[in-house]
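A quick write-up on the structure given underneath.
Residue numbers (mature numbering (1 follows the signal peptide of the UniProt record, and there is no 0)): -17 to -1, 1 to 442.
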């Protein structure tokens, strides 16, 4: 664990002290090295806790997410080079340091075996994202977006802290390995019901459950590209991961908790994908689509079967890469046309033909075309849900139909059609952008060859 954490922390002096010419190259190469080192965590084992130190350990559930958070840091640094061009060097350094500080926090959050450490790091990831959104966002509305983000997460996670302290006084320990051995303390009485609700609520807001999702489109639209990638690919996964970790403690879940969350998640997948069909803003369309995908993850996490857990795991990883890639693509068009409105960025295929290829690939993975891991994940989750109740197939089936339709709508409006008259010439797509897209899409296409690496099956 330390052989990744320490180099990550040493990235901070690298970013602050490297000469201005080699600032970008140093940070990207160093973080790519860290990402390649972290790949060895993916080896599937049947041991429940690998690399066990006192507070952290690596599990089948957490290793794919850990590797994903290592993998996305160089990509975020690569993506934000262009819009930081005209900033003074000190500001560039501060930007890169805020990006880097998120990574050790995320690594600790995904590998913590102690609930208190998990809570602290879960909350601490909020601070760098707030700095990113409120300092480097593109419009004055970024302040209200930051306030939304802050208050949604804080109000939902204070009851979580109270519950964690209550569990500590009752059991005497918060170590996850010990908690699995102790008897489930939360029974079916009303107080315990409220406590388990408080346990779940923080993660429901983070992963956003439909109804608690209003901070997400706002934050996504206002954030700079690195902030969007960070939010979509990693911070939403904290919610899903927390649900998968902590529902095992509330065993078995009371049906009073089951039904509202399951219905809200599935109904939300349906509603948000129909909202996507009438979006005018490209970034908020992608944000709403990630709400509908995470709805499936929440539903699967609440079911608590092996199938649903492995489906949720695969969907979290593949959604992280796909939505991050879509945000990068939206950013490339935004940097050229300075507009996120779909009607003003029509017909870009003749101007940027290679970018159109990337758009096609990203959209096909987003709507779960075979042979992508997205399809495998959605099928496993749907099978698990169908096994629980046959009626869910109506909701999930319509949700997939709507997903396909809004994805194709996005592809057609951005790439096809007549060029708007105000676009006369566009800057060519650079090698850096193609490299960025390649690094997003190759893991997605390669993972289907060995999906047991990310399926989290040996629980």
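Cβ atoms here follow ideal geometry from the backbone N, Cα and C, with glycine treated the same way.
Integer Cβ distance of residue 208 from residue 321, believed to fall under 8 Å: About 14 Å separates the two Cβ atoms, so there is no contact after all.
Cut-off 6 Å between Cβ atoms - residues of its own chain near residue 387, not counting five sequence neighbours on either side: 350
Contact belief for residue 200 with residue 271 at Cβ below 8 Å, rounded distance in angstroms: 6 Å
Residue 389 and residue 260 closer than 8 Å at C-beta: yes
Residue 164 versus 172, 194, 155, residue with shortest Cα-Cα distance: 155
Close-in-space but distant-in-sequence residues of the same chain around residue 339 (CB under 8 Å, 5 per side omitted): If we look at residue 339 and ignore the five residues flanking it on each side, its Cβ neighbours are 331, 332, 398.
Proximity below 8 Å, CB of residue 439 to CB of residue 44: yes
Paired residues, beta bridge with residue 13 - DSSP: Answer by DSSP bridge pairing: none, since residue 13 is not bridged.
Alpha-carbon to alpha-carbon, residue 167 and residue 235: 9 Å
Candidates 251, 269, 411, 21: closest to residue 94 by CA position: 21
Environment of residue 361 [buried if 16+ CB atoms lie within 10 Å]: buried
The stretch 131 to 149 touching the stretch 10 to 24, judged by at least three CB pairs closer than 8 Å: no
Start and end residues, alpha helix (DSSP H) containing residue 65: Careful: residue 65 lies outside any alpha helix (DSSP H) and carries neither H nor E.
Inter-residue Cα distance where the pair is residue 267 and residue 204: 6 Å
Residue 324 - DSSP class collapsed to helix/strand/coil: strand
Cutoff 8 Å; reference residue 243; Cβ partners in own chain excluding five residues on either side: none
Burial state of residue 310, where buried means 16 or more other Cβ atoms lie within 10 Å: buried
Three-state secondary structure assigned by DSSP to residue -7: Residue state, collapsed to three classes: helix.
Three-state secondary structure assigned by DSSP to residue 106: helix
C-alpha gap between residue 178 and residue 169, whole angstroms: 8 Å
Sequence-distant residues of the same chain with beta carbon closer than 8 Å to residue 394, five excluded per side: 342, 343, 346
Nearest-angstrom Cα separation, counted from residue 215 out to residue 222: 11 Å
Pairwise C-alpha distance: residue 185 and residue 240: 14 Å
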